[in-house]
Structures are given as C-alpha cells and as structure tokens.
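I have placed the structure first, in the form of structure tokens, so that the comments after it can refer back to it.
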Amino acid sequence: MPTVNITLPDGKVLSFDGPVTGLGVAERIGARLAKDALGVKVDGELRDLSAVIDRDAAVSIVTYKGRDGVVSADALKLVRHSAAHIMAEAIGRVVPGALLVYGPALEDKFYYDIKFPEERPLREGDFAKIEEEMGRIVSEDRKFTRYEINPEEGLVRLKQEGNKYKVDNAERAMMAAGGSSLGTRHSALSFYATGTPGKDWEDLCRGPHVPSTGRIGAIKVLSLASSFWHGDENSDRLTRVYGTAFATQAEMDAYFALKEEAAKRDHRVLGKQLHLFHIDESVGQGLILWTPNGGVVRDQLQKFISEELVKQGYHQVFTPHIGRLELYKTSGHFPYYKESQFAPVIEREALEELSKSGCSCSEMMHRVEGVSARLAATINERTQKQTITPDRVLADDKLVEGFMLKPMNCPHHIKIFASRAYSYRDLPVRLAEFGTVYRWEQSGELNGMTRVRGFTQDDAHLFCTEDQVAAELIGCLSLVKTVLGTLKMENYRVRVGLRDPDGKKYTGSASAWDKAENACRDAARTLGVAFSEEPGEAAFYGPKIDFVVKDVIGREWQLGTVQVDYQLPVRFGLSYTGADNKPHVPVMIHRAPFGSLERFTGVLIEHFAGAFPAWLSPEQVRVLPISEKSNAYAHRVAGELRARGVRVGVDDGNERVQGKIKVAAEMKVPYMAVVGPRDAEHGTVSVRVRGQEKDAGAMALGAFVEGVAGEIAGRVAGLGVRP
RNA sequence: GCCGGUGUAGCUCAGUGGUAGAGCAUCGCUUUUGUAAAGCGAUGGUCGCAGGUUCGACUCCUGUCACCGGCUCCA
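As structure tokens, this is what we get:
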C-alpha cells in the first residue's frame with residue numbers, strides 16, 4: 003500500500019500507511035483537535051472530515067476558531083450549509099409537499115429556495131415551529147452521512163420524487179462534471195443523509211458538511227423573500243427562506259448585536275431623528291425633500307466641492323430639469339433607456355390632436371419614439387453606421403414632440419460646449435453642475451436616500467484632446483482624494499472597468515482605447531489605494547473608474563464614477579479647431595465622483611452615525627442657560643458666535659440644564675455652551691464636547707468663538723475645541 | 001415588478017368585533033435650577049386609502065397605496 007504524505011500548514015509532514023480520513027489526520031495531531039474538527043481542507047478544497055485522502059496532499063483541519071481566536075470563514079461555511087439542511091428538514095415537517103430547490107451558505111447567513119404548494123405558502127408565523135424542529139434535530143446530534151450513487155440511478159430516483167428542481171440540479175452537476183478536470187469526483191451524484199441513509203432525511207448535495215447536527219450551536223430562521231428559479235424572472239417563483247447559524251450561541255448574540263448597531267446608524271432612522279430629510283407619499287416615492295437640517299449638510303458639501311472645482315479650473319453651469327425628446331434621441335438615451343426613465347411629457351397640442359384622431363397607445367408610443375429623416379441621416383452619417391434603423395424614421399408630420407425629465411446631464415452640457423467655437427488652446431473645457439436627474443427605479447429597489455428616483459449628481463463633463471485625457475483623469479481622482487480625506491473616509495477602493503478583449507460592441511479606435519485604459523490605470527495608481535481591473539466592465543463608449551467606499555462598520559458603498567466617452571462627441575458632431583486649423587472631435591469625460599448628493603449624504607449619515615464634524619453639522623453650538631436669569635447672557639453668547647458665521651441655537655426653555663443637555667446630545671450637536679451667572683460675570687462659557695461624558699470646563703467666550711470658527715473654516719474632522 | 005412583513009397622535013409604540021390609549025414632542029401653570037429629562041395640567045387621531053361583511057369594524061374579507069426585509073456568492 004502506498005504511503006500517503008500529509009503536509010500540514012506549519013510545513014510538518016505526517017506519513018500514513020495508506021488512505022486516511024480527515025479525522026484520521028486530526029487524531030494523529032491531537033485528541034483535542036480531533037474533537038474540535040468540523041471539516042478538512044485538502045489542497046485548498048473544503049471537504050467533509052470523513053473524506054478519504056488517498057494521495058499526498060496539503061491538509062489543514064478546519065475548526066471553529068483557529069489558534070489566533072479568529073472565527074474561520076470555512077468553518078462558518080460548513081456550519082451554515084449544514085444548517086440549511088437542518089432547516090430544510092424542519093420545514094418539510096412543518097409544511098408537507100414543499101419542494102427543495104437550492105440552499106447555499108452566504109457570507110453571514112444561508113438560505114434555501116423552496117417551492118411551496120400554492121395552497122400552503124410559508125409564513126412568518128411558521129418560524130417558531132420550524133425553530134422548534136430544528137432544535138430537535140440539533141439535539142439528536144445525527145451524523146451527516148455522505149453516499150454516492152451513479153448518475154442514471156440518481157436521476158431516476160430524483161424523478162420519482164417528483165422534484166424537477168433537484169433533477170435540474172443533478173443534470174447541471176453532471177454537465178459541470180463533464181467539463182471538469184476533477185471529473186472523477188463528480189461522475190457520481192452525492193447525497194447526504196442527516197443521520198442514517200434510507201432512514202433519515204436526505205438531500206442531493208455536493209457537501210461538505212460538519213460531522214453531525216450537534217455541532218451547530220445556534221441556528222435561527224431570519225426572513226422570507228421571493229426569488230426566481232435560476233434568478234430568471236420569467237421562470238418559476240420560489241420562496242427563499244433565510245436563516246443563520248453559528249457554532250456557538252455567544253457568536254450569534256454578537257452577530258445580532260452588530261446588526262442592531264448597524265440599525266442604529268440607519269440613515270432613514272437618523273434622518274427622522276435629526277430632521278435631515280423627509281419622503282412624502284403625496285410627493286412621490288423615491289423623491290427626497292431636504293428639510294432645513296439636511297439642507298445645511300448638502301449646502302456645505304456643495305460649497306466644499308465647488309471650491310475644489312474652482313481650484314481645478316472648472317466652470318459652473320446651470321441647466322433646466324427637462325429637455326426636448328429630440329435631444330435624447332440624438333444622445334441615444336431615448337428610447338434606449340426608456341424603461342428606466344419617467345415617461346415623456348407630451349406637448350398639449352400634440353396630445354389633443356392624437357386623441358381627436360383616435361390614435362392608439364402603441365401607435366402613439368411609436369410616434370413619440372420616432373425620429374425624423376433629417377436627424378436619422380445626420381446621426382447615421384456621424385456614426386458611420388445605421389445607428390438609427392429605418393423602422394424608426396417617421397415623416398415629420400407624424401412625429402410627436404415632447405419633453406423628458408432629464409435622466410443625464412450630459413446632453414445639456416454638450417449643448418453648452420457646442421454653443422461656441424473652441425480651439426485646441428481652449429481645451430480642456432470643464433463644465434460642472436450639481437445637476438438633478440430623474441430615473442424610474444423599480445419600486446422595490448427604492449431605499450431611503452441611497453436609491454431614489456430624483457437625485458442631484460455632482461456632475462461635470464470635460465471636453466479635451468486625446469492627449470489630455472490622462473491628466474484630466476488624475477485631476478478627477480485628486481478631487482476624490484481631497485474630499486474623502488477631509489471627511490476621513492479614507493477606506494475606499496477603485497475599480498477600473500476595461501473593455502472585453504474580444505468584444506465588438508465598443509466604439510472608438512483600438513489605439514484610443516489602449517491609451518484611455520492606460521490613462522485610467524495610471525490615474526488609479528496616483529490615489530495610492532487598492533484598485534482592481536475588471537475586463538468587460540467598461541461602458542461601450544469608453545473605460546471607466548468607479549469608487550467604492552467602506553464605512554466605519556465595514557459596509558461598502560458604490561459612489562460615483564469617471565468615464566471616458568468617445569461616442570457622444572461623435573453623435574453630437576462636436577469639434578474644436580486643432581493646431582492644423584482642421585476640425586477635430588474632442589474626447590469627453592463624464593465624472594460624478596460622489597455619485598449623487600442624496601446617496602452621498604445617506605452614506606455620510608451612516609458613516610458618522612449622524613454625528614457630523616462641526617463644519618457639516620446643522621447646528622454647531624447650542625447655548626444652554628442654567629436658568630431664565632442667564633437667558634440674556636446666553637443670547638449674547640449666541641450673537642457673538644453667529645457674527646462669526648457659526649450656526650448656533652439657544653435652548654432658553656424652562657427646563658433644568660440636565661434636560662437641555664440630554665436633548666442637545668440626542669440631536670448630536672458638536673458643542674454645548676452651558677452658561678450661568680458665574681459665566682456671565684467672568685465672560686466665559688462652560689464647554690461640553692459631543693461624545694464626552696463630562697463638562698470640559700470653562701473658557702473665555704472669545705477663545706471659544708475663535709476656536710469653533712477656526713475649526714469650521716478649516717473643515718476639521720474632529721472636535722478639538724477645549725478650555 | 002415579485003414574495004413575506006408592516007401601516008394607529010409630529011416621533012416611538014400598545015390596543016383580537018362593543019365609547020381610540022401610553023411615553024416623548026407641543027402648549028399652559030408651578031419651579032429659577034451648574035452638567036445626560038423637575039412637577040402638574042391641556043391640546044392633539046377620518047386607526048394609510050377605497051369598497052365589503054356585520055346591529056356594530058382599528059379589529060374580519062377584497063382591492064389599492066406606501067414603507068421594511070429580500071429577489072443566486074450557481075447541486
């Protein structure tokens with residue numbers, strides 16, 4: 003029998019006289035490890051502890067916590083996938099006739115997609131019963147037992163069970179096995195019994211699993227959702243049951259504590275508490291009303307960004323919220339993106355005429371989407387192909403004119419560029435606008451400020467020569483660096499979207515693409531943060547750079563983007579005069595590095611948990627008189643602060659100072675200035691700094707005013723004013 | 001859009017077919033206060049909206065609107 007040499011993570015080699023199981027390896031290392039082991043990793047592949055290793059391999063034993071005390075992601079995967087089986091069995095007992103589909107482990111939970119009988123859907127009211135059943139299965143500590151049967155037999159068996167989903171799973175597994183180098187392992191179908199095959203509950207499953215159900219210390223059903231088979235909305239609708247599991251109850255408690263922590267930072271909750279914004283049914287879903295406090299935050303952000311743009315040579319422009327349909331037919335936004343746009347606004351006269359002539363809805367849409375022969379010819383000539391197909395061309399008297407709520411700012415900015423002649427000496431031209439756009443997001447996708455239907459982008463369009471692209475990209479990224487640095491959101495990464503090597507959909511020459519892609523890479527490097535290259539992620543009109551920030555509790559948020567565009571300048575026939583006195587097509591760069599003010603503010607609220615730095619705070623100082631007797635002095639203090647541009651409030655109500663402090667703390671006001679007769683006499687204020695338990699002490703009013711004003715002017719991230 | 005949940009006072013939430021409630025906020029009175037809520041009183045609701053069942057509906061049914069969680073990290 004050939005010797006099997008097992009290399010452990012520390013480099014030590016154990017020799018066995020023949021095939022050995024993962025458990026066997028663990029036992030050789032130590033009894034304690036064998037007891038704690040949940041699974042095994044063989045040459046990097048996660049397997050059952052009972053898996054037989056019959057060749058030399060690098061092996062590590064998977065336990066819940068490694069020596070460093072960190073919970074192993076592999077262990078959680080084993081635990082959660084096993085938990086999915088336990089949940090499925092429990093559900094099967096509670097709701098007979100439910101067909102299992104697919105149940106993987108996720109990052110912090112697991113789910114099982116299940117087809118429930120029409121007459122017996124699963125409800126949240128069933129959770130308690132399911133959890134009771136799961137508890138029973140865990141306490142029975144049944145072994146997860148793997149066995150394999152040949153595909154033909156397996157398929158027959160699955161078909162007998164009448165579960166087309168599992169049959170499909172098996173067929174897919176066989177297909178995958180056919181193309182896999184690991185063919186031997188997949189040439190059979192594997193089943194797992196939660197206990198004894200033939201007697202206990204079984205499921206077609208690739209595995210791996212923990213050794214037995216008792217190894218799952220905590221398991222819970224979380225929620226219900228709907229999903230589609232294979233994620234295809236035209237396919238069967240399934241019910242997705244989410245749950246989570248941990249090896250210990252303490253870990254699960256910690257998980258829910260963290261969830262609660264995140265919930266407290268929820269910008270929708272804080273937005274209400276701190277009166278930052280309001281969404282009103284009668285205005286419309288996904289439409290943000292910025293209330294005065296939120297208005298301050300937005301205004302400060304805009305001012306900050308605007309100042310930086312001036313430094314970078316941008317020009318501020320302003321454009322209306324709507325534009326003629328023809329504009330968007332020229333740009334290609336309509337009707338191409340019509341599903342994600344608000345419906346066009348049709349001119350009244352055209353509408354009346356249509357209704358008089360008895361025009362049907364579909365006919366009307368056709369006439370709204372139609373393009374005049376003149377425009378079609380122009381665009382086809384400019385793009386040198388049949389961009390506008392003949393079926394969209396209509397006689398002028400058939401065309402229905404109208405306007406669109408703008409889904410993008412670029413067409414308006416392009417028209418500003420085109421409104422005068424430029425020479426190469428004038429380039430680059432940088433047009434910036436906090437431009438409000440409207441998009442028809444699906445109602446289920448809407449979410450507070452982070453996913454809305456009307457939003458204001460920190461938008462700009464740069465028109466430059468091909469040679470200037472690289473420098474302009476670097477400029478865009480340096481702005482991001484400055485802004486995120488000032489906000490102390492320095493944990494972010496960028497994604498560089500490149501063209502697919504063999505894609506044909508792209509416009510622009512290959513050499514221009516190479517140049518632009520290299521420029522994107524070079525620009526990303528100048529940031530000094532992690533960046534990834536993602537082939538195939540470019541837009542069809544040019545490469546792009548996306549920004550993703552990580553907030554203080556580790557969640558990632560996709561913000562804005564910088565995109566190089568060869569397409570629109572062509573469609574709009576833009577040109578500048580080159581040194582050769584000939585017309586040249588400029589390259590356009592679209593950039594909205596913070597995405598939208600709505601999303602960015604939402605992310606900021608969560609990042610700071612509502613406790614903004616002083617310069618962003620709606621109320622920067624609140625003056626708290628000890629009693630009515632000190633009200634006059636309190637207002638004098640406030641007056642001096644206000645004169646230096648500080649946003650200050652006075653709580654001169656008939657409450658005790660303890661109460662005033664509590665309320666100001668809840669509103670997360672950065673500084674409180676408590677004033678009583680003593681302060682009035684000495685010209686001081688007693689300072690309280692947000693986040694600190696105690697009174698920081700008294701300081702001269704003048705010094706306090708200057709300290710706060712200076713901190714605000716410097717956009718300092720922390721609260722540094724102290725006596 | 002789809003599945004499940006939720007919708008009651010400005011906010012947070014009780015209320016399982018028989019006269020709509022609490023705390024906070026607001027307003028008034030008392031207190032004149034030195035560092036995370038002093039006391040008393042008052043105001044405030046078409047119970048999301050529209051139908052239906054019933055002697056009677058916040059409660060049960062149907063529809064509708066909105067919000068929340070989710071809608072593959074591929075056996």
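All residue numbers for the first sequence refer to the numbering used here, where the first residue is 3 and numbers rise by one. Idealized CB from N, CA, C, for every residue including glycine. As the structure is a computational prediction, the values presented were derived from the model and not from experiment.
- Message: Going by DSSP in three states, Met367 sits in which element: helix, strand or coil?
- Response: helix
- Query: Pick from Glu134, Arg638, Ala379 and Asp255: whose alpha carbon is nearest that of Pro392?
  - Reply: Comparing alpha-carbon positions, the option among Glu134, Arg638, Ala379 and Asp255 lying closest to Pro392 turns out to be Ala379.
- Message: In chain order, what are the residue ranges of uninterrupted beta strand (DSSP E) at least 3 long that sit wholly in the region 383–441?
- Response: 404–407 and 431–440
- If Phe574 sits next to Thr332, beta carbons under 8 Å apart, how far is it from one beta carbon to the other, in whole angstroms? 6 Å
- Query: Smallest Cα separation from Arg432: which of Asn382, Phe533, Lys400 and Met590?
  - Reply: Met590
- Which value, in whole angstroms, describes the spacing of the CA atoms of Ala107 and Tyr113? 7 Å
- Message: Along the chain, where does the beta strand (DSSP E) containing Met136 start, and where does it finish?
- Response: No beta strand (DSSP E) holds Met136; the alpha helix (DSSP H) holding it covers Phe129 to Ser141.
- Message: For Gly297 and Val531, I'd like the C-alpha separation in whole angstroms.
- Response: 31 Å
- Gln470 burial status per 10 Å Cβ neighbour count (16 or more: buried): buried
- Message: I'd like the list of long-range same chain contacts for His83, defined as Cβ closer than 6 Å, with 5 residues on each side in sequence excluded.
- Response: Ala107
- Task: Please specify which runs of the beta strand (DSSP E), each continuous and at least 3 residues long, are wholly inside the region 232–316, giving them in chain order.
- Result: 239–248
- Message: Based on DSSP bridge pairs, tell me the residues matched to Phe230.
- Response: Arg239
- Message: With a threshold of 7 Å on Cβ separation, who are the neighbours of Arg187 within its own chain once the five nearest residues in sequence on each side are excluded?
- Response: With a pLDDT of only 44 at Arg187, under 50, the local geometry of the prediction cannot be trusted, and the value read off the model is given with reservation. The answer is none, since no qualifying residue turns up.
- Query: What does Ile607 pair with, by DSSP beta-bridge criteria?
  - Reply: According to DSSP, which records beta bridges pairwise, Ile607 is partnered with nothing at all.
- Taking 8 Å as the cut-off, decide whether the C-beta atoms of Ile628 and Val665 are in contact. no
- Message: Can you check which of these residues, Glu154, Val395, His368 and Arg159, is closest to Leu377 by C-alpha distance?
- Response: Val395
- Go through its chain and collect everything with a Cβ distance to Gly651's Cβ below 6 Å, but skip five positions before and after it. Glu621 and Arg624
- Go ahead and pull the three-state DSSP assignment for Gly13. Collapsing the DSSP output to three states places Gly13 in coil.
- Query: According to DSSP, is His83 helix, strand or coil?
  - Reply: helix
- Query: If you run the structure through DSSP and keep just helix, strand and coil, what is Gly699?
  - Reply: For Gly699, the three-state secondary structure derived from DSSP is strand.
- Query: Taking C-alpha atoms, which residue in Gln565, Lys552 and Pro537 lies nearest to Lys546?
  - Reply: When each option's Cα is compared against that of Lys546, the closest is Gln565.
- Query: When burial is assigned at 16 or more other CB atoms within 10 Å of the CB, is Gly647 buried or exposed?
  - Reply: exposed
- Task: Identify which residue in Asn583, Glu492, Thr241 and Glu447 has its Cα closest to the Cα of Tyr424.
- Result: It is Asn583.
- Span separating the alpha-carbon of Lys261 from that of Glu443: 27 Å
- On the three-state DSSP scale, how would you describe Met669? coil
- Check the DSSP bridge columns for Cys478 and list the partner residues they point to. In DSSP, Cys478 forms no bridge with anything.
- Query: When burial is assigned at 16 or more other CB atoms within 10 Å of the CB, is Asp548 buried or exposed?
  - Reply: buried
- Query: First and last residue of the alpha helix (DSSP H) that includes Gly641?
  - Reply: Asn633 to Ala645
- Query: Whose C-alpha, out of Tyr149, Ala252 and Gly678, is nearest the C-alpha of Cys207?
  - Reply: Tyr149
- Message: With H, G and I counted as helix, E and B as strand and the rest as coil, what does DSSP make of Val587?
- Response: coil
- Query: Is the CB-CB distance between Tyr104 and Asn171 below 8 Å?
  - Reply: yes
- Work out the CA separation of Val691 and Tyr673 for me, nearest whole Å. 5 Å
- Query: Could you give the residue range of the alpha helix (DSSP H) that holds Gly24?
  - Reply: Gly24 to Ile31
- Item | Option in Lys313, Ala375 and Val312 with minimal Cα separation from Ala397 | Ala375
- Message: Is it buried or exposed, Lys478, if we count other Cβ atoms within 10 angstroms and call 16 or more buried?
- Response: The sequence as given places Cys at residue 478; Lys does not occur at that position. Cys478 is buried by the Cβ-count criterion.
- Message: Suppose the cutoff is 6 Å on Cβ atoms and the five residues either side in sequence are ignored; what does the same chain contact list for Ile221 look like?
- Response: Ala85, Met136 and Ala247
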